[in-house]
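J.: A single structure is presented below for examination.
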Amino acid sequence: MKGEMKLTPSIFVGLVVGLLLAVLAFSQAAASVGLSIDSFRPLGGSFFSWRAGQTRAALAISSRSSRVNSAAAQRLGRETLAHAPLTPRSLWLVGKSMEIGGAQSKARKAMLQAERLSRRDSAVQLWLGADRLRGGYIASGLRHFDLMIRGDADAANAVIPRMALIILAPEGRRHLAPYIRENNPWLPHLFQVAVTDLPRAAPMAQLLIDRRKMAPDIENGRYVYSTLLTRLIAEGSYSSALQLYPLLPGSNRDTLRNVGGTARGKLDEGYPPFVWAFSDGSAQGGEFVSVEGGLTGIDIFASPGTVGVAAVKLVAVNPGDALYWQAADRASNLDGSATWVATCLAGASAKKKVESANMLSASVPQNKLLKMAMPAGCNLVRLDMRVAGGIGRDPTNLTISALKLARDTSAK
Numbered sequence: 448m449k450g451e452m453k454l455t456p457s458i459f460v461g462l463v464v465g466l467l468l469a470v471l472a473f474s475q476a477a478a479s480v481g482l483s484i485d486s487f488r489p490l491g492g493s494f495f496s497w498r499a500g501q502t503r504a505a506l507a508i509s510s511r512s513s514r515v516n517s518a519a520a521q522r523l524g525r526e527t528l529a530h531a532p533l534t535p536r537s538l539w540l541v542g543k544s545m546e547i548g549g550a551q552s553k554a555r556k557a558m559l560q561a562e563r564l565s566r567r568d569s570a571v572q573l574w575l576g577a578d579r580l581r582g583g584y585i586a587s588g589l590r591h592f593d594l595m596i597r598g599d600a601d602a603a604n605a606v607i608p609r610m611a612l613i614i615l616a617p618e619g620r621r622h623l624a625p626y627i628r629e630n631n632p633w634l635p636h637l638f639q640v641a642v643t644d645l646p647r648a649a650p651m652a653q654l655l656i657d658r659r660k661m662a663p664d665i666e667n668g669r670y671v672y673s674t675l676l677t678r679l680i681a682e683g684s685y686s687s688a689l690q691l692y693p694l695l696p697g698s699n700r701d702t703l704r705n706v707g708g709t710a711r712g713k714l715d716e717g718y719p720p721f722v723w724a725f726s727d728g729s730a731q732g733g734e735f736v737s738v739e740g741g742l743t744g745i746d747i748f749a750s751p752g753t754v755g756v757a758a759v760k761l762v763a764v765n766p767g768d769a770l771y772w773q774a775a776d777r778a779s780n781l782d783g784s785a786t787w788v789a790t791c792l793a794g795a796s797a798k799k800k801v802e803s804a805n806m807l808s809a810s811v812p813q814n815k816l817l818k819m820a821m822p823a824g825c826n827l828v829r830l831d832m833r834v835a836g837g838i839g840r841d842p843t844n845l846t847i848s849a850l851k852l853a854r855d856t857s858a859k
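Numbering-wise (our numbering), the sequence shown opens with residue 448 and increments by one.
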């Protein structure tokens, strides 16, 4: 380097202060892209220190009074350079002192030199990433953060929850899109944090929808996607859920309208609640069974004295749709009942309900095609099988067959 830098007390004061204020640059960078500074609180002094003892010394020096002990700071700096004269972290300290002194371009040169020595130093990558974000170069800023996370597992644990917040902003999603790929080692961590901690699920869904291709089939991904769908439905983001479902690994677009439980001769094993979900309690529930003709039916049960939903599925409906089925077999208790309840979730008739006749009633014929029109003016229906076990010793049972969704040709 041309012109050796003189190690004056003021420089070493800057080094110590730089150590303590490292994450401030990150907070400022977050603010520059419109994200909450509170979301990027400091990761802790030890994150930026290469030795815990040096961090403790820096804290001790800074906490003695408002006037930093220059001699002590100088001793710390000399010890630092004596142990690590040409390491990325030493250059980071030099760069921080230059930054504090207002020489941003020189600080940048020092940090770039540190990166040339090693791309695995997390503090250097954090500084460079923050610097690029401040300049409006979000893509290259994220590249530095990517390098930081890949090189430091502890950094990933601390930074990924903050990175997940980028998903909330459209501009952030656009720049994160290149990292949404199966060979990204930190993507499962990011997705898990995002689907668990973000205040709303729709931005996470939009990140995947905007790609217009299948979502990555990553480790633990199907659990994450199932959780994401559950949150979308619970939050009323029905449009996002409908757009996202066909893009998920193991999904089938036909599932959105398929009520029969099978697809191409196999059980439809997509994601609840777009595939049938049966209650897993002892009070009521159901399962798929074989029925006459080699087809698949649903066997429903309810314990005596209980009332509840044995099965539920979301169905994308078209104008004029009706639900068709047969009551293939049944065994009822006194006051037992089993009815379909179709509740409109999205559309002009949202919250409107349609209920079928009691399929356990003697007035409802067995093995005859039955029909229930879907709510008019509706795009998405929640279909519940509501059952009451009635009064008796044995469970109430109902086997349903020939279940399908089709246009009601008899409707005027």
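Just so it is clear, CB atoms sit at the ideal spot from N, CA and C, and this is done for glycine as well. These numbers come from a predicted model, not from an experiment.
Does the distance from the CB of residue 785 to the CB of residue 761 come in under 8 Å?
T.: Going by C-beta atoms, residue 785 is not nearer than 8 Å to residue 761.
J.: Run the CB neighbour count on residue 767, radius 10 Å, all protein chains shown included, and call it buried at 16 or more, exposed below.
T.: Its Cβ having fewer than 16 others within 10 Å, residue 767 is exposed.
J.: Could you tell me the boundaries of the alpha helix (DSSP H) in which residue 631 lies?
T.: Per DSSP, residue 631 belongs to no alpha helix (DSSP H) and is neither H nor E.
J.: What residues are listed by DSSP as bridge partners for residue 819?
T.: DSSP output for residue 819 lists 770 as bridge partner(s).
J.: So, helix, strand or coil for residue 826, using DSSP?
T.: Of the three classes helix, strand and coil, the one that applies to residue 826 here is strand, per DSSP.
J.: Pull up the distance between the alpha-carbon of residue 623 and that of residue 812, whole angstroms please.
T.: Spanning the two alpha carbons is a distance of roughly 57 Å.
J.: Which of the three DSSP states is assigned to residue 500 in this structure?
T.: Caution is warranted here: a pLDDT of 40 is assigned to residue 500, below 50, making its placement in the model unreliable, and no coordinate value can be reported.
J.: CB-CB under 7 Å to residue 553, same chain, minus the five flanking residues each way: which ones, in chain order?
T.: Hits under 7 Å: 545.
J.: Any idea what DSSP makes of residue 832, helix, strand or coil?
T.: Strand, per DSSP.
J.: Roughly how many angstroms separate the alpha carbons of residue 852 and residue 825, rounded to a whole number?
T.: Each residue's Cα considered, the two are about 14 Å apart.
J.: Out of 571, 782 and 642, point me to the one whose CA is closest to residue 536's CA.
T.: For the residues 571, 782 and 642, the minimum Cα distance to residue 536 belongs to 571.
J.: Within 10 angstroms of the Cβ of residue 496, are there 16 or more other Cβ atoms? Answer buried if so, exposed if not.
T.: Reliability of the predicted coordinates at residue 496 is poor, the pLDDT of 39 falling under 50, and no value is obtained from them.
J.: Is DSSP giving residue 813 helix, strand or coil here?
T.: Three-state DSSP puts residue 813 in coil, outside helix and strand.
J.: Alpha carbons only, please: which of 653, 628, 698 and 602 is nearest the one belonging to residue 618?
T.: Of the candidates 653, 628, 698 and 602, the one whose C-alpha sits nearest the C-alpha of residue 618 is 653.
J.: Quick one: is residue 462 buried, meaning 16 or more other Cβ sit within 10 Å of its Cβ, or exposed?
T.: Residue placement at residue 462 cannot be trusted, given a pLDDT of 40 that sits under 50; the coordinates are not used to answer.
J.: Please name the residue, chosen from 810, 803, 586 and 749, that lies closest to residue 819 on a Cα-to-Cα basis.
T.: Ranking the options by Cα distance to residue 819, first place goes to 803.
J.: Once DSSP output is grouped into helix, strand and coil, what is the label at residue 851?
T.: Reduced to three states, the DSSP call for residue 851 is strand.
J.: Within 10 angstroms of its Cβ, does residue 702 collect 16 or more other Cβ (buried), or is it exposed?
T.: So residue 702 ends up on the buried side.
J.: How is residue 856 classed by DSSP in three states: helix, strand or coil?
T.: Here residue 856 sits in coil by DSSP.
J.: Could you check which residue in 706, 776 and 568 has the C-alpha nearest to that of residue 828?
T.: If we check each option's Cα against that of residue 828, 706 comes out closest.
J.: State the DSSP-derived secondary structure class of residue 644, mapped to helix, strand or coil.
T.: Looking at residue 644 - three-state DSSP - the assignment turns out to be helix.
J.: Measuring only the C-alpha atoms, how far is residue 594 from residue 566?
T.: Residue 594 and residue 566: Cα-Cα distance of roughly 7 Å.
J.: Buried or exposed for residue 789, going by 16 or more other Cβ atoms inside 10 Å?
T.: Result: buried.
J.: Which of helix, strand or coil does DSSP assign to residue 721?
T.: Residue state, collapsed to three classes: coil.
J.: Measure the Cβ-Cβ separation of residue 568 and residue 577 and say whether it is below 8 Å.
T.: In this structure, residue 577 does not lie closer than 8 Å to residue 568 by Cβ.
J.: Are the CB atoms of residue 649 and residue 642 within a distance shorter than 8 Å?
T.: No, they are not a contact pair.
J.: Check the C-beta distance from residue 596 over to residue 635 and give it rounded, since I have them as a contact under 8 Å.
T.: That belief does not hold up - the Cβ atoms of residue 596 and residue 635 are roughly 12 Å apart, past 8 Å.
J.: Terminal residues of the continuous beta strand (DSSP E) containing residue 784?
T.: Start and end: 784-794.
J.: Please tell me whether residue 637 and residue 607 are closer than 8 Å, where the distance is taken between their beta carbons.
T.: Yes; because the gap between Cβ atoms is below 8 Å, this pair is in contact.
J.: Would you call the stretch 747-766 and the stretch 727-738 in contact, with 3 or more CB pairs under 8 Å?
T.: At 8 Å Cβ cutoff, the stretches touch.
J.: Check the C-beta distance from residue 838 over to residue 792 and give it rounded, since I have them as a contact under 8 Å.
T.: Contact flag wrong, Cβ pair sits at about 34 Å.
J.: Residue 745 lies in the beta strand (DSSP E); which residues open and close that run?
T.: Residue 745 -> beta strand (DSSP E) spans 742-749.
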